[in-house]
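Written out below as C-alpha cells is the structure these notes cover.
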Amino acid sequence: GQETINLESKKPLTPSFNLSEYFKQFLFPQNECELHDFRLSFSQLKWDNWIVAPHRYNPRYCKGDCPRAVRHRYGSPVHTMVQNIIYEKLDPSVPRPSCVPGKYSPLSVLTIEPDGSIAYKEYEDMIATRCTCR
Amino acid sequence: SQASRGEAQIAASSELESEADPWPLLLPGDGTDRSSLLPPLFKVLSDRRAEAPKLQPDSRALYYMKKLYKTYATKEGIPKPTRSHLYNTVRLFSPCGQHEQAPGGHMTGALPVMDLLFNLDRVTAMEHLLKSVLLYTLNSPVAFPSAVTCVCDLMIKEPLSSGKGPPRAPYSFTLKNHRWIEIDVTSLLQPLVVSSERSIHMSVNFTCTKDQAPQDGAFNMPLTVSPSLILYLNDTSAQAYHSWHSLYPTRRPSQGPDQDRSVAHPVEEATEVERSARHRR
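Respectively, the protein sequence lines represent chains Z and W.
So this note's numbering is basically just the index in the first sequence, starting at one, shifted up by 172.
So this note's numbering is basically just the index in the second sequence, starting at one, shifted up by 17.
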C-alpha cells in the first residue's frame, strides 16, 4: 500500500462531500419510536352508559422507527440489535425491531354493573407510559 | 421475495378482516360462561351490543361512589399514589329486596326494623373481602344540636351459619353532623363472602337517642330507610392493579447473589459506584 499512500498524498485535498449531508446521519430520525397521545372519551365508544368515570381516557401508543443503536435510549436487550443485524445483513424477511410499549400505568374505572350495583376497579396496564424497541 | 411477502401480508390481513369478530380468538371455544372470565371492559368489546345496565343505581349511592372515585383517582383515572389501602375494588350493592318488619317509633328516632336482601353475584372468586360496611344516607345533611347515640342491631337471617344461632352484632356510635353513616359489618359478612354466598338476608333494627335529653322523645331521624352494602375487595386476578406490587417491585433478574452485599454495605457500594463512574468518565 506504500505507493497508494504516495498517490493519495499527492492528490489535492478537495472536500469530496458536503458537511450537511454528512451530519444528517447523526440527527435523530424525524419519526423515531416514541409515545403518542390518543385522547378518547368513553362516549365515543358508546361505553358511557356503564362507565361513569373517568370521562376521558388517554391510553397512548408507540409509533416510529427503531434506530439501529437502540440500547442507549430504549433499554432494549442486546437481542434487538442482533435482530436488526440479521434483518440488514442476513435475511430481510426477518422483521426489523418494532416500536412497542415497554411500561404501563394502571387505570381506575367506576362502572355501573348490569345488576345496578356500582363498582370501583383498578386495572393494571391500561396506559402506555414508555416505548421500547423489541 | 419482497413482493410475494407483501402479497402474503395483504392476504393475511384481509383474511383477518374477513373474520366477523376477532374477539372469539380471545375466548375459550368450549362454550363455558365467558362473562366471568373477561373484565367488564372486554365484555363490552366482545359482545359489541353495549346494552345499558338493566337496573340503574340509586342516585345517592352513585354520588357516594363518585366521591370515593375522586378520593382514589385523578381526573385522568390514574390511581393516586397517596392511597395506603390494599383494596383495588370497591363494590356498592343496593338491597334487591326489603320490607319493614315493624313500623319505626318516631318517639326515639327509631327506624322501622328492616329486612334486607343483597345479591352479591358480581363478586368474583378472585375478589377477597377486606372490609364491608352498611351505608345509611342522611336525607339532608343536618347538624344535630347535641350528640346522638345510635344502636343498630344487625342479624344475618340467611344463609344460616351451621349450628350456632343467627350471627348478630349490636353497633352503637355517636352521630353528629354526618352526610352518611357507615356501620362496619366485616365480621358478620366475612364468613359468608369467603364461602362464596351470593345472597345475604339480614334484618336491621336501628334506634337513636339524644345524649342530653333522651326523654325528649320525638325527633325525626332523617335517614334513608334502606342502606347500601359496600364491599372493599382485593381483586387478585392478573388484570387488576396491585399497588403494593409497585411499592415492593420484585428483584430484577439480573441481580446476582452479590447484589445482596450492596444492600448490607450501602456506603461501600456507593463509593465503589462513584469510583467506577469517575473512572469510566
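Heads up, the beta-carbon is just placed ideally off N, CA and C, and yes, glycines get one too.
- Annotation: P273 (chain Z) is outside any alpha helix (DSSP H); the continuous beta strand (DSSP E) that includes it extends over 271-284.
- Within 7 Å of the CB of Q256 (chain W), the CB atoms of chain Z belong to Y295, E296, in sequence order along the chain.
- I247 (chain W) counts as buried, since at least 16 other C-beta atoms from the protein chains shown sit within 10 angstroms of its C-beta.
- Annotation for T301 (chain Z): the continuous beta strand (DSSP E) segment containing it runs 290-305.
- Here the alpha carbons of E296 (chain Z) and V202 (chain W) stand approximately 29 Å from one another.
- Under a criterion of Cβ atoms nearer than 8 Å, the residues of chain W adjacent to S289 (chain Z) are, in order, P74, R108, L109, F110, S111, R139.
- Distance from A300 (chain Z) to L212 (chain Z) at the Cβ level is roughly 14 Å; contact not present, criterion being Cβ atoms closer than 8 Å.
- Close to chain W, meaning a Cβ-Cβ distance shorter than 8 Å, are the following residues of the region 246-276 of chain Z: P264, S265.
- Assignment of E193 (chain Z) by DSSP, reduced to helix, strand and coil, places it in the helix class.
- Counting other Cβ atoms within 10 Å of its Cβ, I223 (chain Z) reaches 16 or more and is therefore classed as buried.
- Closest in C-alpha terms to V266 (chain Z), from the list Z:Y276, Z:K275, Z:V272, Z:Q255, comes Z:Q255.
- Residues of chain Z with a Cβ closer than 9 Å to the Cβ of E93 (chain W) are, in chain order, P226, R228, Y229, N230, L279, I299.
- Not a single CB atom of chain Z sits nearer than 8 Å to the CB of K84 (chain W).
- Around the beta carbon of F210 (chain Z), fewer than 16 other beta carbons lie within 10 angstroms, which makes this residue exposed.
- The Cβ neighbour count for S289 (chain Z), taken over all protein chains shown within 10 Å, is at least 16; the residue is labelled buried.
- Look at Y259 (chain Z) here: in three-state DSSP terms it is helix.
- Neighbours of N136 (chain W) across chain Z, judged by C-beta separation under 8 Å: D287.
- According to the DSSP secondary-structure assignment, T253 (chain W) is paired through a beta bridge with no residue.
- Within the same chain, V150, L152 come within 6 Å of E199 (chain W) by CB-CB distance, once the 5 residues on both sides are set aside.
- Distance from Y249 (chain W) to V140 (chain W) at the Cβ level is roughly 12 Å; contact not present, criterion being Cβ atoms closer than 8 Å.
- By the neighbour-count criterion, in which 16 or more other beta carbons inside 10 Å mark a residue as buried, N178 (chain Z) falls on the exposed side.
- A distance of 8 Å or more separates the beta carbons of Y233 (chain Z) and C205 (chain Z).
- The beta carbon of Y233 (chain Z) does not come within 8 Å of any beta carbon belonging to chain W, so the residue lies off that interface.
- Assignment of beta-bridge partners to P96 (chain W) by DSSP yields W:A90.
- A distance of 8 Å or more separates the beta carbons of L133 (chain W) and S204 (chain W).
- Nearest to S220 (chain W) by alpha-carbon distance, out of W:S213, W:C169, W:T226, W:D252, is W:C169.
- A direct Cα-Cα distance of roughly 15 Å separates L103 (chain W) from L85 (chain W).
- The beta-carbon of N251 (chain W) is placed no less than 8 Å from the nearest beta-carbon of chain Z.
- Closer than 8 Å to the CB of A78 (chain W) there is at least one CB belonging to chain Z.
- Residues of chain Z whose Cβ lies closer than 7 Å to the Cβ of P96 (chain W) are, in chain order, P278, S280, E294.
- When W:N105, W:S212, W:K148 are compared, the shortest CA-CA separation from A255 (chain W) is found for W:N105.
- Taken through DSSP and simplified to helix, strand or coil, K235 (chain Z) comes out as strand.
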